[in-house]
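Chemist:
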Ligand SMILES: *Cc1c(COP(=O)(O)O)cnc(C)c1O
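Numbering (our numbering), first residue to last: 14 to 408.
1) Suppose the cutoff is 8 Å on Cβ atoms and the five residues either side in sequence are ignored; what does the same chain contact list for residue 297 look like?
2) Figure out for me which residue from 61, 281, 86, 73 has the closest Cα to the Cα of residue 209.
3) If you run the structure through DSSP and keep just helix, strand and coil, what is residue 337?
4) DSSP three-state label for residue 142, please.
5) Kindly indicate which three-state DSSP category residue 391 falls into: helix, strand or coil?
6) Tell me which residue opens and which closes the beta strand (DSSP E) that residue 216 is part of.
7) Nearest by alpha-carbon distance to residue 169: which of 154, 136, 83, 124 is it?
8) Tell me the residue span of the alpha helix (DSSP H) that contains residue 278.
9) What is the DSSP secondary structure of residue 369, counted as helix, strand or coil?
10) For residue 189, count neighbouring Cβ atoms within 10 angstroms of its own Cβ and tell me buried if that reaches 16, exposed if not.
11) Please check the pair residue 254 and residue 102, which I expect to be a contact at CB under 8 Å, by giving their CB distance rounded to whole angstroms.
12) Where residue 398 and residue 342 are concerned, what is the direct C-alpha to C-alpha distance, given to the nearest angstrom?
13) With which residues is residue 197 paired in a DSSP beta bridge?
14) In terms of alpha-carbon separation, which member of 136, 187, 100 lies closest to residue 352?
15) Would the beta-carbon of residue 260 be found less than 6 Å away from any heavy atom of ligand 1?
16) Select from 271, 70, 165 the residue whose C-alpha is nearest the C-alpha of residue 22.
17) So is residue 24 buried or exposed if we call it buried at 16+ other beta carbons inside 10 Å?
18) Check whether the stretch 90-100 and the stretch 222-239 are in contact - that is, three or more C-beta pairs closer than 8 Å.
19) For residue 349, count neighbouring Cβ atoms within 10 angstroms of its own Cβ and tell me buried if that reaches 16, exposed if not.
20) Applying the 10 Å Cβ sphere with the 16-neighbour rule, what's the burial state of residue 193?
21) Who are the near neighbours of residue 369 in its chain, counting only those whose CB is closer than 7 Å to its CB and skipping five residues on each side?
22) What does the Cβ neighbour count give for residue 260, buried or exposed, with the cut at 16 atoms within 10 Å?
23) Report the option in 216, 308, 396, 338 whose CA atom is closest to the CA atom of residue 291.
24) For residue 154 and residue 308, what's the separation of their Cα atoms in angstroms?
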């Protein structure tokens with residue numbers, strides 16, 4: 014499913030098969046549980062091969078879900094994609110497809126917090142041991158490999174703190190020992206990074222974020238390379254994971270405009286971040302396109318762009334004090350998730366979510382998602398918020 018076409022073109026054509034769409038531009042939403050077989054022979058044929066795209070039972074999908082799977086597979090340059098009811102479900106199933114009791118795995122210290130919770134809870138209970146590693150470790154990850162290490166989990170840039178990982182170095186070290194690599198690719202999307210092309214075995218998207226893009230759907234995708242796809246599919250089926258055709262249609266619709274949306278998210282975020290960088294209350298801008306972000310040079314080397322999510326660290330004050338910024342914002346609202354068209358702001362302390370790379374900062378961290386509003390309006394909102402903060406602190 015590789016194509017020489019440019020990404021923007023692929024976004025408009027991908028996942029559209031005439032036998033599924035019957036000539037309609039978008040695949041219809043097939044709501045299905047039971048699929049009826051006319052004859053005994055048809056029944057036997059439909060159940061014979063679990064990998065074949067035969068209408069067989071709703072849990073195995075319909076052309077609506079298959080269209081989305083094909084689209085994500087093409088964008089991620091993988092061999093196949095499984096869909097999950099959330100990004101976290103995609104992460105946990107991807108990990109489960111590669112480990113068993115007695116194994117050891119490595120997870121970046123900058124991982125999305127629920128990924129840690131899964132490792133510290135369910136994986137531990139199953140007898141899988143986790144070691145966290147410094148996101149900036151690069152090829153040095155090798156020193157942490159044990160006889161029973163099966164997997165290195167990466168997320169680049171990291172959640173909250175945006176360290177950009179040296180994926181080619183980490184993948185190189187892991188491959189030399191036949192250790193699998195998973196990448197959480199949610200921040201970059203397949204438009205700005207192709208982990209499988211760099212050698213990763215599975216690339217994950219919380220499609221809840223940019224692929225969906227409109228804050229109205231929960232979904233996760235896991236795309237695997239040729240060697241790993243059968244394991245991933247078996248695990249997803251075994252866990253009973255499935256998504257509705259309605260949700261698949263929403264994500265497929267989101268993908269059609271991913272290219273144009275990301276351009277604006279990128280441009281707006283760069284403008285807002287540049288303004289924040291000059292603000293006297295801002296200590297650090299943790300945005301991969303800025304030199305002070307750990308791993309900035311790696312971002313420049315490996316990524317095709319930047320998206321709308323980044324953090325700032327304030328020079329002074331406490332998390333309690335940030336109420337004076339966030340309570341009266343006009344455009345930036347507080348809320349979990351990101352990747353929709355709207356701007357978000359969230360005070361988030363990384364301290365509790367780190368175990369090997371110490372987090373120290375002079376003031377609180379605010380995570381920002383820059384939406385599709387006018388960048389100058391967003392800057393005015395932040396300017397007023399930071400002015401309220403300054404006056405509260407008596408600065
Ligand atoms: C949001 C997020 C997830 C989880 O996605 P959900 O759909 O909310 O479960 C995973 N990884 C990253 C980096 C995220 O930001």
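Yeah, the Cβ is synthetic: ideal placement off N, Cα and C, and Gly gets one too.
Modeler: From the atom records:
1) 305, 325, 326, 374
2) 86
3) helix
4) strand
5) helix
6) 215-219
7) 124
8) 271-290
9) coil
10) exposed
11) 6 Å
12) 7 Å
13) 168, 217
14) 100
15) no
16) 271
17) buried
18) yes
19) exposed
20) buried
21) 122, 145, 146, 147
22) buried
23) 396
24) 16 Å
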